[in-house]
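Protein chains: 2
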Amino acid sequence: MAETTAVGARRATLATIAEAAGVSLPTVSKVLNGKDDVAASTRAKVLRLLEEHDYVPVGTRRPANETLVDLVFTALDSPWAVEIIRGVVESGLDAVVSSMANAPHRERWAESLVKARRGGALLVTSQLTANDRRTLERARMPLVVIDPVDLPSPDVPSVGATNWGGGLSATEHLLELGHRRIAMIGGPVGFLCSKARIDGYRSALERAGLAADPELIRHGDFHHEGGYVAALELLRMPEPPTAIFAGSDEQALGTIEAARMCGLAVPGDLSVVGFDDLPVARWSSPPLTTVRQPLAEMGRHAGRMLADLIAGKQPDSRRVELATQLTVRASTAPPRA
Amino acid sequence: MAETTAVGARRATLATIAEAAGVSLPTVSKVLNGKDDVAASTRAKVLRLLEEHDYVPVGTRRPANETLVDLVFTALDSPWAVEIIRGVVESGLDAVVSSMANAPHRERWAESLVKARRGGALLVTSQLTANDRRTLERARMPLVVIDPVDLPSPDVPSVGATNWGGGLSATEHLLELGHRRIAMIGGPVGFLCSKARIDGYRSALERAGLAADPELIRHGDFHHEGGYVAALELLRMPEPPTAIFAGSDEQALGTIEAARMCGLAVPGDLSVVGFDDLPVARWSSPPLTTVRQPLAEMGRHAGRMLADLIAGKQPDSRRVELATQLTVRASTAPPRA
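Residue numbers (full-length UniProt numbering), protein chains in the order written: chain F, 1 to 337; chain E, 1 to 337.
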């Protein structure tokens, strides 16, 4: 594609756009610089033309500070986040932490990201609208997605964890202890990581010659409340499960609380397995058997991938999954005879 | 004091320093710019002279980006951190998060902070050496300390929480339930916030006409392990307490685990109160009665104070304490008759 950042080419492109839009060159400049004194309809027309001409604003090509990047979360509402942040800090990048939940103008979020002229961005969110994506692509801002909720388009580099393998090993652990009636609480239905964990659970049951009972598969929100509600439903069934693979540590803690409300001891009456291995898993009473997601390593790896992209190096692989690992603590035991 | 940032004054100062150090003006420049090709002894001499002349490097006076600040933690090892980060993000500042534990050169940490030419810094750490302090003061970098471990010098603005009042209300809650033998697990001995919580505990006992039993006051590390070890010691005493004020949520979770190991039910056999009200307090089984520290509000308030300082406004008060509040959940109950 044509080099549009050289000053001559740039002026030519902007003049063409101004002519096509029927506005002056300064008006195009105002739109580019995010000024407010341009009519909304004019602004929309100019932006569309800029996009059609695949125009790359000059400032966005050469960031003010190449080791300064944005680290964007959907929301800063989980201990989960601090693990990722630590990893990114360890990668040596200077990360400005932000949250889409706190963005003053959601609809112009990607534009503000581009305008900040950082070297690149790490996204721990998949709530990108088609508009966001276009804005980021147009600016050619180096991007790495951490733990993608949806499978991002194959050209967006991403770092995830082996969710399917984690679901498999959690369920195999319960089968080895002798459990046969094992329930699963997944995360939100559309989440890719949740789907992979459920598929791992199913595969472990199938390998053991058991059919997955659809009644035993529930969906939470990955948070405490969702785990608590789903576990209460499961424990109140005529034939309740003897073990629950809770799909996240928060949901596992909700499951332990539901067991306590039903007068059941963990692990005596009910075995519980989490997923994540947040620090809280060690602090739970009893300490939680869980599948460790290497969150800090994911942050570190994503940070290094982004540093490479900023330096113009292409990653060896655009889709990396780091290994999960089962950590056995005290919330699982053989079922009562 | 003399204005040293005007170009003329600056050259005069640097020339004086070069002369006094017996080196050339470019050598002084190299030291100022952190270049490596200056002998260590020369570097030390020039830095000392710069300090004696109270020289303020020009760059540090006018940061590259005034809304971009550093947010420095001692370590990124607690869910605690994400609450503070959320508050700072909500204050509207762009915060580059870092951790002293990850700083590549601890001894030059303050220098790198100054060199990054950010608008200011929020410190959630009190591990500043005398050297750090001098470097930051010399650069006149606006600073706000969050939750100071030591009382910072009165001219450093800080935002904390009412630790003494929190200790008082936690203990009064246990007294109202009918407990008389109440233990306290403080944090590390030198921590100011821990001292204030213990003093609040003592004052509540005194107001109820009880003397604090030194045997019932232990010290942990504010983490899970410290609470677990101290609680086991307390529960194995010939006359164990019926309630423990654990001084932090992590220590409270360690206390609940110690109770489980001793076959004691919470709150039936032992009441437990935490401090912080991290999200994990709600997820504990049973949900934890605790003293809420307004961590996000502290981050928000500190962010606004720092923005004011960067804009040249002096804060109304340099030492702010935001209110703590007792949150009663399910880990406290009257003692067994």
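Just so you know, even glycine gets a beta-carbon here, dropped at the ideal spot from N, CA and C.
#1: Taking C-beta to C-beta, are E:Leu235 and E:Ala259 nearer than 8 angstroms?
#2: Can you list the beta strand (DSSP E) stretches of 3 or more residues lying completely in the stretch 143-175 of chain E, in chain order?
#3: In this structure, what does DSSP give as the bridge partners for F:Met184?
#4: Check whether chain F comes within 8 angstroms of E:Ile256, counting only Cβ atoms and requiring the distance to be less than that.
#5: Is F:Asp277 helix, strand or coil by DSSP?
#6: Does the beta-carbon distance from F:Ala333 to F:Pro267 come in below 8 angstroms?
#7: Quick check: is the beta carbon of E:His219 nearer than 8 angstroms to any beta carbon in chain F?
#8: Do F:Leu123 and F:Gly303 have their CB atoms nearer than 8 angstroms?
#9: Tell me whether the beta-carbon of F:Leu205 lies closer than 8 angstroms to the beta-carbon of F:Thr171.
#10: Between which two residues does the beta strand (DSSP E) containing F:Thr289 stretch?
#11: Please list the partners that F:Arg86 has in chain E, where partner means a Cβ-to-Cβ separation under 8 angstroms.
#12: Enumerate in chain order the residues of its own chain whose CB-to-CB distance from E:Leu336 is below 8 angstroms, with the five nearest sequence positions on each side excluded.
#13: For E:Glu66, I'd like the list of residues in its chain whose CB is within less than 7 angstroms of its CB, leaving aside the five on either flank, ordered along the chain.
#14: Mind checking E:Arg131: buried by the 16 CB within 10 Å criterion, or exposed?
#15: Assess, as a yes-or-no matter, whether the stretch 40-54 of chain F is touched by the stretch 16-30 of chain F under the definition of 3 or more beta carbon pairs within less than 8 angstroms.
#16: In chain E, which residues lie with their C-beta within 7 angstroms of the C-beta of F:Trp109?
#17: Using a Cβ-Cβ cut-off of 6 angstroms (strictly less than) and excluding sequence neighbours within five positions of F:Arg318, which residues of its own chain qualify?
#18: So what's F:Gly120 in DSSP terms, helix, strand or just coil?
#19: Closest by CA to E:Thr327, which one among E:Met305, E:Arg282, E:His224 and E:His301?
#20: As a quick exercise: from E:Met298, E:Asp276 and E:Gly299, pick the residue whose alpha carbon is nearest that of E:Thr289.
#21: Measure the C-alpha to C-alpha separation of E:Leu47 and E:Val31 and round it to an integer number of angstroms.
#22: Chain E partners of F:Ala95, CB-CB under 8 angstroms?
#23: Among F:Arg108, F:Trp109, F:Glu90 and F:Ser98, which residue has its Cα nearest to the Cα of E:Met100?
#24: DSSP three-state call for F:Ala208: helix, strand or coil?
#25: From the DSSP output, in three-state form, read off E:Val229 for me.
#26: My assumption, with CB atoms under 8 angstroms, is that E:Leu143 sits in contact with F:Ile85. Please give the rounded CB distance.
#27: Taking 8 angstroms as the threshold (beta carbon to beta carbon), is F:Ser41 in contact with chain E?
#28: Roughly how many angstroms lie between the CA atoms of E:Ala18 and E:Phe73, to the nearest whole one?
#29: If you follow the beta strand (DSSP E) that E:Glu321 is in, where does it begin and where does it stop?
#30: Within 8 angstroms of any Cβ in chain E, is that where the Cβ of F:Ala243 sits?
#31: Could you tell me which residues DSSP pairs with F:Thr42 in its beta bridges?
In this structure, then:
#1: As a working mapping, residue 235 of chain E is identified with position 235 in the second sequence. As a working mapping, residue 259 of chain E is identified with position 259 in the second sequence. The answer is yes: Cβ separation under 8 angstroms.
#2: 143-146 and 158-161
#3: Translated into the one-based positions of the first sequence, residue 184 of chain F becomes position 184. DSSP lists F:Ile217 and F:Phe245 as partners of F:Met184.
#4: Taking the first residue of the second sequence as 1, we reach residue 256 of chain E at position 256. So yes, E:Ile256 belongs to the interface.
#5: For the purposes of this step, residue 277 of chain F is identified with residue 277 of the first sequence, where counting begins at 1. Three-state result, F:Asp277: coil.
#6: One-based indexing of the first sequence puts residue 333 of chain F at position 333. One-based indexing of the first sequence puts residue 267 of chain F at position 267. For F:Ala333 and F:Pro267, yes; Cβs fall inside 8 angstroms.
#7: Position 219 of the second sequence, counted from the start, is the residue given in the question as residue 219 of chain E. Closer than 8 angstroms: no.
#8: Position 123 of the first sequence, counted from the start, is the residue given in the question as residue 123 of chain F. Position 303 of the first sequence, counted from the start, is the residue given in the question as residue 303 of chain F. In this structure, F:Gly303 does not lie closer than 8 angstroms to F:Leu123 by Cβ.
#9: Within the first sequence, numbered from 1, the residue matching residue 205 of chain F stands at position 205. Within the first sequence, numbered from 1, the residue matching residue 171 of chain F stands at position 171. Yes.
#10: By 1-based counting over the first sequence, the position of residue 289 of chain F is 289. Residues Thr289 to Arg292.
#11: Position 86 of the first sequence holds residue 86 of chain F. Ordered by position in chain E, the residues that pass the 8 angstroms Cβ test against F:Arg86 are Leu76, Asp77, Ser99 and Asn102.
#12: Locating residue 336 of chain E in the second sequence gives position 336, counting from the first residue. A small correction: the amino acid at residue 336 of chain E is Arg; Leu does not occupy that position in the sequence shown. Closer than 8 angstroms at Cβ, skipping near neighbours: Thr242, Gly268 and Asp269.
#13: Mapped onto the second sequence, residue 66 of chain E falls at position 66. Gly119 and Ile310, listed in sequence order.
#14: If you number the second sequence from 1, residue 131 of chain E lands on position 131. A quick correction: the sequence has Asn, not Arg, at residue 131 of chain E. When all chains shown are included, E:Asn131 counts as exposed.
#15: yes
#16: Looking up residue 109 of chain F in the first sequence gives position 109. By Cβ distance, chain E contributes nothing, its closest Cβ being about 14 angstroms from F:Trp109, past 7 angstroms.
#17: Taking the first sequence and counting its residues from 1, one reaches residue 318 of chain F at position 318. Only Pro157 meet the Cβ criterion.
#18: Counting from 1 along the first sequence, the entry for residue 120 of chain F is found at position 120. DSSP places F:Gly120 in strand when its eight states are reduced to three.
#19: Counting from 1 along the second sequence, the entry for residue 327 of chain E is found at position 327. Ranking E:Met305, E:Arg282, E:His224 and E:His301 by Cα distance to E:Thr327 puts E:Arg282 first.
#20: Translated into positions along the second sequence, residue 289 of chain E becomes position 289. When only C-alpha atoms are compared, the closest one is E:Asp276.
#21: Sequence index remark: in the second sequence, residue 47 of chain E carries index 47 (1-based). Sequence index remark: in the second sequence, residue 31 of chain E carries index 31 (1-based). So the two alpha carbons sit approximately 7 angstroms from each other.
#22: Within the first sequence, residue 95 of chain F is the residue found at index 95, counting from 1. Going along chain E in sequence order, the residues near F:Ala95 (Cβ under 8 angstroms) are Val96 and Val97.
#23: For the purposes of this step, residue 100 of chain E is taken as residue 100 along the second sequence, with counting starting at 1. Here the closest residue by C-alpha is F:Glu90.
#24: Numbered from 1 along the first sequence, position 208 holds the residue referred to as residue 208 of chain F. Looking at F:Ala208 - three-state DSSP - the assignment turns out to be coil, as it is neither helix nor strand.
#25: Looking up residue 229 of chain E in the second sequence gives position 229. Three-state DSSP puts E:Val229 in a helix.
#26: Here residue 143 of chain E refers to the residue found at position 143 when the second sequence is read from its first residue. Here residue 85 of chain F refers to the residue found at position 85 when the first sequence is read from its first residue. 21 angstroms between Cβ atoms; not a contact.
#27: Locating residue 41 of chain F in the first sequence gives position 41, where the first residue counts as 1. Answer no: the Cβ-Cβ gap between F:Ser41 and chain E never drops below 8 angstroms.
#28: Along the second sequence, read from residue 1 onward, the residue named residue 18 of chain E stands at position 18. Along the second sequence, read from residue 1 onward, the residue named residue 73 of chain E stands at position 73. Spanning the two alpha carbons is a distance of roughly 37 angstroms.
#29: By one-based count along the second sequence, residue 321 of chain E stands at place 321. Looking at the DSSP string, the run of the beta strand (DSSP E) that includes E:Glu321 is Arg319 to Leu322.
#30: The sequence position of residue 243 of chain F within the first sequence is 243, counting from 1. So no, F:Ala243 is outside the interface.
#31: As a working note, residue 42 of chain F is residue 42 in the first sequence. Beta-bridge pairing links F:Thr42 to no other residue.
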